[in-house]
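Below is one structure, written out as structure tokens; comments come after it.
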Amino acid sequence: MASLLFGLALAAPHAQTPLAGSEVLLPAYAAALVVIELVTGALLLALFSVHRILAVMLLAAAYLFSGLMAVPWALTFPGVFDAMGLPPAGPQTTASIAAVRRLGFALLLLTYAVLACRQTRRAAPRYSGMVIAACILAVFAAAAGLAVLIIRNDALLPRFMMDAATITVNWTYFAVLVAAVYAATLAILLLRGWSVLDLWLTVVTFSLLIDILMLSFISEGLRLSLGWWAGRLYGLVAAMVVLLVLLAQTTALSAQLTRAVAAERRAREARLLSMQALSASIAHEVNQPLASMVTNADAGLRWLARNPPDLAETRAALERIGREGLRAGRIIDGIRAIFRKGGQERAALDLNRLLQAVLTRCEAEARPHGVTLELRLGERLPPVSGSAAQLEQVVSNLATNAFEAMSGIKGRPLVLRITSHAAPEGEVQVSFADTGHGVAEEQRRHIFEPFFTTKPEGTGMGLMYCQSILEAHGGRLWVEDNVPHGAIFHFALPAAPGAAAPRDIAA
Numbered sequence: 104m105a106s107l108l109f110g111l112a113l114a115a116p117h118a119q120t121p122l123a124g125s126e127v128l129l130p131a132y133a134a135a136l137v138v139i140e141l142v143t144g145a146l147l148l149a150l151f152s153v154h155r156i157l158a159v160m161l162l163a164a165a166y167l168f169s170g171l172m173a174v175p176w177a178l179t180f181p182g183v184f185d186a187m188g189l190p191p192a193g194p195q196t197t198a199s200i201a202a203v204r205r206l207g208f209a210l211l212l213l214t215y216a217v218l219a220c221r222q223t224r225r226a227a228p229r230y231s232g233m234v235i236a237a238c239i240l241a242v243f244a245a246a247a248g249l250a251v252l253i254i255r256n257d258a259l260l261p262r263f264m265m266d267a268a269t270i271t272v273n274w275t276y277f278a279v280l281v282a283a284v285y286a287a288t289l290a291i292l293l294l295r296g297w298s299v300l301d302l303w304l305t306v307v308t309f310s311l312l313i314d315i316l317m318l319s320f321i322s323e324g325l326r327l328s329l330g331w332w333a334g335r336l337y338g339l340v341a342a343m344v345v346l347l348v349l350l351a352q353t354t355a356l357s358a359q360l361t362r363a364v365a366a367e368r369r370a371r372e373a374r375l376l377s378m379q380a381l382s383a384s385i386a387h388e389v390n391q392p393l394a395s396m397v398t399n400a401d402a403g404l405r406w407l408a409r410n411p412p413d414l415a416e417t418r419a420a421l422e423r424i425g426r427e428g429l430r431a432g433r434i435i436d437g438i439r440a441i442f443r444k445g446g447q448e449r450a451a452l453d454l455n456r457l458l459q460a461v462l463t464r465c466e467a468e469a470r471p472h473g474v475t476l477e478l479r480l481g482e483r484l485p486p487v488s489g490s491a492a493q494l495e496q497v498v499s500n501l502a503t504n505a506f507e508a509m510s511g512i513k514g515r516p517l518v519l520r521i522t523s524h525a526a527p528e529g530e531v532q533v534s535f536a537d538t539g540h541g542v543a544e545e546q547r548r549h550i551f552e553p554f555f556t557t558k559p560e561g562t563g564m565g566l567m568y569c570q571s572i573l574e575a576h577g578g579r580l581w582v583e584d585n586v587p588h589g590a591i592f593h594f595a596l597p598a599a600p601g602a603a604a605p606r607d608i609a610a
């Protein structure tokens, strides 16, 4: 507003200076005014279709009416479009159209301020399209009807112009009325809580107030004078303000919507990946106990087929099947805990005893690969806090991966050395060192990603699952070279000082 007052101060001393020949600029001014106000009205109707607030629709009607009335005002302006062969307008026609345009816009703007202050109820969603169509038709009919009525009845119009360039006292009275309406609108907008639209409408109203003062009083109504054109410039600025604000908000909303759609797409892809990872993890982890159950079932059938049946061995096979079934259930519960909030209850665990229990089960798996197991467990390790079922799967997966990494290798000893020790950082560290093929440098960047595998029949879920479990326990997993052959997979878990005595791990 300070810049508007500054412009007024600069133009006021020269407001009555005539600018001869400046009427050639009027078509360009009128075209810009019509386009700006009609586009602003259209954007406000779009805003109404979203929020369905009656006050916004009336504001849109104000801009549509002003833009439509600017067309006959420009076409009837003396000496501008005479070359087009249009019928000559009466001496009061242009001024009367300008008066109706200004008063109509001012009253609709005042109505908007009053209704917005009272927070008018919203229109029903299903009728918003019909309301918008009715609004457009009503404004168009009102503008066209008033323009035709004014043009055809010049003799009945109020005497606003003394001649082609000078106003009468009637226009002065009219200007006071319009200025009063703008002043009332400005007061309401300043008193009520501001929205972004109301803030800029305050600037618009202030600009239009300066416009009517410059046009009717400071320049004494002299057409095509410096003050008259300054008023036109203020009116154009006022028309552009709301348009720019609406365009900025539309652009921001479009960008926000684009970001929201992209975020939703990423979230949907992440959920899909999580579902794929969950199903693949279950298939990968349950495969081991299922294979063991099938092997023991076959063994039990063979013991029963003997004559006489060996019931003791059959019973042992059935017991192993039962244990593996319970293990499969614990595996599924552990996987579900990884992918849901809250996880499982944790207890103090002796990591050495857990390693011994799991690797005892893995000895039968190591023999077909020709692998020798070596356990070098540190003494008096502090307990760790965690889920026994989940950490058992980590150990089992790392051991199985090591066996498979050494499969088919000839000419050197195949050894899997498992070590544990207390790290100085308050962690318990476990290492699985094999003498297999090792892990290439380019594979290390992706080896813990889901579905990445170096094995022809691998699922790419084992190491990802191990990493997820360890990170959920506050630990970490990494890989190094085992010189001269193979790889070493390390994992570390934070110690649990002051925890209760570790519980036993069933073999």
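Residue numbers (this note's numbering): 104 to 610.
Glycine included, every Cβ here is placed at the ideal spot set by N, Cα and C.
Since we're looking at a predicted model, the values are computed, not measured.
Spatially closest choice to residue i from the options, by CA coordinates
i, options, result
"GLN133", "PRO121, LEU157, MET160, ALA201", "Checking the displayed sequence, the identity of residue 133 turns out to be Ala instead of Gln. If we check each option's Cα against that of ALA133, ALA201 comes out closest."
"GLN195", "LEU206, PHE168, LEU259", "LEU259"
"THR417", "GLY403, ILE424, CYS569", "GLY403"
"ARG479", "ARG368, SER310, HIS524", "HIS524"
"VAL242", "THR288, ALA163, GLU528", "ALA163"
"GLY565", "LEU292, THR361, ALA394, ILE550", "ILE550"
"LEU519", "VAL306, GLU468, ALA286", "GLU468"
"THR271", "GLU323, ALA595, ILE254", "GLU323"
"ALA595", "PRO587, ARG579, GLY589, HIS588", "ARG579"
"ARG547", "MET567, GLU574, ILE321", "MET567"
"SER231", "SER571, SER169, VAL153, ARG464", "VAL153"
"LEU311", "GLN459, ALA450, SER169", "SER169"
"LEU211", "GLN359, LEU304, GLY248, ALA408", "LEU304"
"GLU482", "HIS593, ARG470, ARG456", "ARG456"
Close-in-space but distant-in-sequence residues of the same chain around residue i (CB under 6 Å, 5 per side omitted)
i, result
"GLY193", "ASP257"
"VAL284", "ALA209, LEU213"
"ALA267", "PRO181"
"LEU171", "ALA246"
"ILE591", "SER534, ALA536, GLU583, ASN585"
"MET160", "PHE151, CYS238"
"SER499", "VAL461"
Neighbour-count burial assignment, residue i, 16 or more Cβ in a 10 Å radius
i, result
"SER298", "exposed"
"LEU302", "exposed"
"TRP274", "buried"
"PRO412", "exposed"
"LEU178", "buried"
"TRP332", "buried"
"LEU501", "buried"
"TRP581", "exposed"
"ARG599", "Sequence check: residue 599 is Ala here, not Arg. Buried: at least 16 other Cβ atoms inside 10 Å."
"GLY541", "buried"
"GLU574", "exposed"
"GLY432", "exposed"
"GLN496", "buried"
"SER190", "Here the sequence assigns Pro to residue 190, which means Ser is not the residue at that position. So PRO190 counts as exposed."
"LEU293", "exposed"
CB of residue i within 8 Å of CB of residue j, strictly
i, j, result
"ALA54", "GLU140", "With the chain running from 104 to 610 in the structure shown, residue 54 is simply not present."
"VAL137", "ALA165", "no"
"LEU289", "PHE309", "yes"
"SER319", "ALA365", "no"
"VAL217", "ILE291", "yes"
"LEU300", "VAL340", "no"
"THR143", "LEU346", "yes"
"VAL389", "ILE435", "yes"
"GLU427", "PRO392", "yes"
"ALA158", "ALA219", "yes"
Residues near residue i in its chain [Cβ-Cβ closer than 7 Å; skip 5 each side]
i, result
"LEU122", "LEU327, SER328, LEU329, TRP332"
"VAL281", "ARG205, LEU206, ALA209, ILE315"
"ARG515", "THR538, HIS588"
Cutoff 8 Å: residue i Cβ touching any chain C Cβ
i, result
"LEU494", "Within the model displayed, chain C is absent; a lone protein chain is all it includes."
Same chain, Cβ closer than 8 Å to residue i, five either side skipped, listed in chain order
i, result
"LEU454", "LEU484, PRO486, VAL487, LEU494, SER523, VAL531, VAL533, LEU596"
Length-filtered (3 minimum) beta strand (DSSP E) runs lying within the region 493-548: Contiguous beta strand (DSSP E) elements confined to the region 493-548 occur at 518-526, 530-536, taking only those with 3 or more residues.
Uninterrupted alpha helix (DSSP H) stretches inside the region 170-256 (no shorter than 4 residues): 196-221, 231-255
If you scan the region 420-488 from start to end, which runs of the alpha helix (DSSP H) of 4 or more residues do you find wholly inside it? 454-472
What residue ranges within the region 258-333 form continuous alpha helix (DSSP H) runs of no fewer than 4 residues, ordered along the chain? 272-294, 299-316
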